[in-house]
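Residue numbering for the sequence shown follows this note's numbering, beginning at 201 and increasing consecutively.
Ideal Cβ positions, reconstructed from N, Cα and C, are used throughout, including at glycine.
Note that the structure is predicted; figures quoted are calculated from it, not measured.
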Amino acid sequence: MSSATATHCPYCALQCGMNLVSEGDLITVAARPDFPTNKGGLCQKGWTSADLIAHPDRLTSPWIRDRKGGELRPCEWDEALDRIVTEIRLAQQKYGLDSIGIFGGGGLTNEKAYMLGKFARVALRTPNIDYNGRFCMSSAAAAGIKAFGIDRGLPFPLEDIPGAETILLIGSNPAETMPPIMQYFEEHRSRGGNLIVADPRRTPTAQNAAVFLQLTPGTDGALANGLLHIAMADGLLDHDFIEARTTGFDAVRRTVASYWPDRVERITGVPVKDLTKAAHLMGEAATAMVLTARGAEQQSKGVENVQAFINLALALGKAGKPHCGYGCLTGQGNGQGGREHGQKADQLPGYRKIDNPAHRAYIAGVWGVDEATIPGPGRSAYELLDTLGTPGGVRALMVAASNVVVSAPRASHIEERLDALDFLLVSDIFLSETAARADVVLPVTQWAEEEGTMTNLEGRVLLRRRASEPPEGVRSDAQILKALADRLGAGQYFTERPREIFEELRRASAGGAADYAGVTYERIAAQNGVFWPCPSEDHPGTPRMFLDKFATEDGRAKFHPVAHREVAEAPDDEYPLYLTTGRVMAQYQSGTQTRRVEKLRANAPEAFVEIHPSLARRFGIADGDMVRLATRRGAAEAKARLTTSIRQDTIFVPFHWAGKGRANLLTNPALDPTSRMPEFKICAVQIAKL
Ligand code: SF4
Numbered sequence: 201m202s203s204a205t206a207t208h209c210p211y212c213a214l215q216c217g218m219n220l221v222s223e224g225d226l227i228t229v230a231a232r233p234d235f236p237t238n239k240g241g242l243c244q245k246g247w248t249s250a251d252l253i254a255h256p257d258r259l260t261s262p263w264i265r266d267r268k269g270g271e272l273r274p275c276e277w278d279e280a281l282d283r284i285v286t287e288i289r290l291a292q293q294k295y296g297l298d299s300i301g302i303f304g305g306g307g308l309t310n311e312k313a314y315m316l317g318k319f320a321r322v323a324l325r326t327p328n329i330d331y332n333g334r335f336c337m338s339s340a341a342a343a344g345i346k347a348f349g350i351d352r353g354l355p356f357p358l359e360d361i362p363g364a365e366t367i368l369l370i371g372s373n374p375a376e377t378m379p380p381i382m383q384y385f386e387e388h389r390s391r392g393g394n395l396i397v398a399d400p401r402r403t404p405t406a407q408n409a410a411v412f413l414q415l416t417p418g419t420d421g422a423l424a425n426g427l428l429h430i431a432m433a434d435g436l437l438d439h440d441f442i443e444a445r446t447t448g449f450d451a452v453r454r455t456v457a458s459y460w461p462d463r464v465e466r467i468t469g470v471p472v473k474d475l476t477k478a479a480h481l482m483g484e485a486a487t488a489m490v491l492t493a494r495g496a497e498q499q500s501k502g503v504e505n506v507q508a509f510i511n512l513a514l515a516l517g518k519a520g521k522p523h524c525g526y527g528c529l530t531g532q533g534n535g536q537g538g539r540e541h542g543q544k545a546d547q548l549p550g551y552r553k554i555d556n557p558a559h560r561a562y563i564a565g566v567w568g569v570d571e572a573t574i575p576g577p578g579r580s581a582y583e584l585l586d587t588l589g590t591p592g593g594v595r596a597l598m599v600a601a602s603n604v605v606v607s608a609p610r611a612s613h614i615e616e617r618l619d620a621l622d623f624l625l626v627s628d629i630f631l632s633e634t635a636a637r638a639d640v641v642l643p644v645t646q647w648a649e650e651e652g653t654m655t656n657l658e659g660r661v662l663l664r665r666r667a668s669e670p671p672e673g674v675r676s677d678a679q680i681l682k683a684l685a686d687r688l689g690a691g692q693y694f695t696e697r698p699r700e701i702f703e704e705l706r707r708a709s710a711g712g713a714a715d716y717a718g719v720t721y722e723r724i725a726a727q728n729g730v731f732w733p734c735p736s737e738d739h740p741g742t743p744r745m746f747l748d749k750f751a752t753e754d755g756r757a758k759f760h761p762v763a764h765r766e767v768a769e770a771p772d773d774e775y776p777l778y779l780t781t782g783r784v785m786a787q788y789q790s791g792t793q794t795r796r797v798e799k800l801r802a803n804a805p806e807a808f809v810e811i812h813p814s815l816a817r818r819f820g821i822a823d824g825d826m827v828r829l830a831t832r833r834g835a836a837e838a839k840a841r842l843t844t845s846i847r848q849d850t851i852f853v854p855f856h857w858a859g860k861g862r863a864n865l866l867t868n869p870a871l872d873p874t875s876r877m878p879e880f881k882i883c884a885v886q887i888a889k890l
């Protein structure tokens, strides 16, 4: 007898629907064609995801290190939990409440993200909680809030994509990062739509582009200004839309006036004829979309980059209408939900602001605590990691579902900071590179073994269902937080049951920007997901936002002038090339899961260095040679892969691996002043054949 459980892929923000089919002990993945976003399609990661379930590397008991420098040994749960609470109390007594930190993950369910945020503020009373989503889409989120008053990755459903006449995709490679989404782009193309792709690499996504803009890394904002300049000069602006639905265009007009095409060609390296063609394809289309991803966002000016592209969409009247708008293709599985429910240093549930007295009072009421006891804003993800173990910094850190040793910039520095902690706790399903440095490691349930909600890149709230019993000895993050809260004397504020947590989350989000009040598990199941905002159970949810008004106080979208700024670290004589990083199809994020799946490992076994043949010749490098990359922060080694698809001044390394090929040994933690996003995407590098 077999049974099928309808659920979702454990990996990226597309959150493809899938069935997990159980036959005895065997669980396999089957298509779920009725699910509307992926319509049965899955990428290789999704098809092989069941290999994670009974994986021999699973952690099945807590591990503990008796002293710094000692070995990890297995232990009982009570010993591990008692040790954690003892270490928390010690650090709090010695250094104060804010000496405890939490680093969460964008793969956690909404329930866990909510509980983690509440645990930090209520059980630990520390402001220092942030998560790896800060490294993902925080620049787009900040720009969206500035322009539209709200941040939802895509303010329209995926099904609107084919109906846009022109799509401008910046720094995004969905053909490799989320292949099932390409069915929307293929339909767009078959309807005669035009795709414009801006990227330093001619990625598989760019192969079918009508215009490919191979820009110099870090010149995205100048590119947007250049396109808008041409649109202004050539009479392509939508003055009625600007007048009726926006504010602030005059300042943008003045700024953009100096981005004449040949200046923009000099800055971006994109020929004027391509700039002109792209501007006209956007401006002359009746409908158009602008979509960004990490290429434009993971920069020390990521917010400005996104604002510049939002300016373009607004000035052309391509927002707040069907088949139009700006959107961000979010990366992590619950990157969207993970930032809505209080896991971020500056936010409370429902996308409320932690420094807003009314927001604080509302959440204090839901939690049943005194508002004065809720701490204020804490340190952002990199700043939290950067100050670990320092005077005034966090001394005891809890990490959940995150592998910062591989995923954070300037990784060797992060290792040093982790080792300087008085105490490190890591909860994970495998012994990740970060868990291997911990004082206590807790084994947790994974996606197929738990119930909960996720929110995909469209803002569609989805139901993750339990298809498999967790191994003996494993507990859910919620059970762990509840047990710790009990030991810390705050157990009365917490439950470990996902449905009860979600009911509280609904109340906490009610009236906030990300309003889940009308979302129930039953509605999600019946409707294949519910789009927020959904303020009541009789509200249909909101697939398309901004059709009548934007979410700003006056209902108008806001222009923000953006001037081009240099990257934080430009190439020079010593480090003469640009380095950029990204993903490959068969791996996901820090690789904690996907590096352990045999078929994925066979397809993408190790890091590599993508380099143009002309550049390789200059350095005497042949295809397959081992090369050494060095930046001001560290060095990495990997095999060269020669390709004409990359710019001749740029090197690309995917970031999924540990060991010598760890890309983040090289990357620059220069932060965006608003989003606190590190500049993962650009730094200066030197290369040599080994
Ligand atoms: Fe999973 Fe993303 Fe692949 Fe879909 S595209 S199967 S969600 S990894």
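query: At least three beta-carbon pairs within less than 8 Å, the segment 450-463 to the segment 385-398; result: no
query: Check: residue 380 C-beta below 7 Å from any heavy atom of the ligand SF4; result: yes
query: Cross-strand partners of residue 664 (DSSP beta bridge); result: 652
query: Distance cut-off 7 Å: residue 538 Cβ against heavy atoms of the ligand SF4; result: no
query: Pair within 8 Å by beta-carbon distance, residue 780 and residue 657; result: no
query: Boundaries (first-last residue) of the alpha helix (DSSP H) holding residue 884; result: Segment 883-889 is the beta strand (DSSP E) holding residue 884; no alpha helix (DSSP H) there.
query: Exposure label - residue 439; buried when at least 16 CB within 10 Å; result: exposed
query: Close beta carbons around residue 663, own chain, < 7 Å, minus the five adjacent residues each side; result: 653, 721, 724 and 725
query: Bridge-paired residues (DSSP) for residue 547; result: 553
query: Between the CA atoms of residue 889 and residue 313 - distance to the nearest angstrom; result: 45 Å
query: Spatially closest choice to residue 519 from 757, 842 and 551, by CA coordinates; result: 757
query: Sequence-distant residues of its chain with Cβ nearer than 7 Å to residue 866 (five each side left out); result: 779, 829, 831, 833, 834, 836, 883 and 885
query: Validate contact between the segment 530-540 and the segment 319-339 using beta carbons, cut 8 Å, 3 pairs; result: yes
query: Buried or exposed (CB count within 10 angstroms, at least 16 for buried), residue 556; result: exposed
query: Three-way DSSP call (helix, strand, coil) for residue 837 in this model; result: strand
query: Residue 430 beta carbon less than 8 Å from that of residue 461; result: yes
query: The segment 297-307 touching the segment 502-511, judged by at least three CB pairs closer than 8 Å; result: no
query: Enclosing alpha helix (DSSP H) for residue 464 [first to last residue]; result: 461-468
query: For residue 549 and residue 705, believed in contact at Cβ under 8 Å, the rounded distance; result: 6 Å
query: C-alpha distance - residue 616 paired with residue 391, whole-angstrom precision; result: 54 Å
query: Heavy atom of the ligand SAM within 7 Å of residue 215 beta-carbon; result: Absence of the ligand SAM is noted for the structure shown, with the ligand SF4 being the only ligands found.
query: Residue 546 vs residue 577 beta-carbon contact at 8 Å; result: yes
query: Any non-hydrogen atom of the ligand SF4 within 7 Å of residue 242 CB; result: yes
query: DSSP state of residue 847 mapped onto helix, strand, coil; result: coil
query: 7 Å CB neighbourhood of residue 568 in its chain, flanking five on each side removed; result: 693
query: Option nearest residue 804 by Cα separation, candidates 812, 795 and 810; result: 795
query: Alpha-carbon spacing of residue 823 relative to residue 371, whole angstroms; result: 26 Å
query: Burial state of residue 286, where buried means 16 or more other Cβ atoms lie within 10 Å; result: exposed
query: Cβ distance (whole Å) where residue 625 is taken to contact residue 637 below 8 Å; result: The Cβ separation is near 11 Å, so there is no contact.
query: Span of the alpha helix (DSSP H) around residue 705; result: 698-709
query: Coarse secondary structure for residue 559, derived from DSSP in three states; result: helix
query: Status (buried if at least 16 other CB within 10 Å, exposed otherwise) for residue 330; result: buried
query: Reduced DSSP secondary structure (H/G/I, E/B, other) of residue 245; result: helix
query: Three-way DSSP call (helix, strand, coil) for residue 623 in this model; result: strand
query: Residue 271: first and last residue of the uninterrupted alpha helix (DSSP H) it sits in; result: Unbroken run through residue 271: none, as it is neither H nor E.
query: Backbone CA spacing between residue 479 and residue 386 [nearest angstrom]; result: 22 Å
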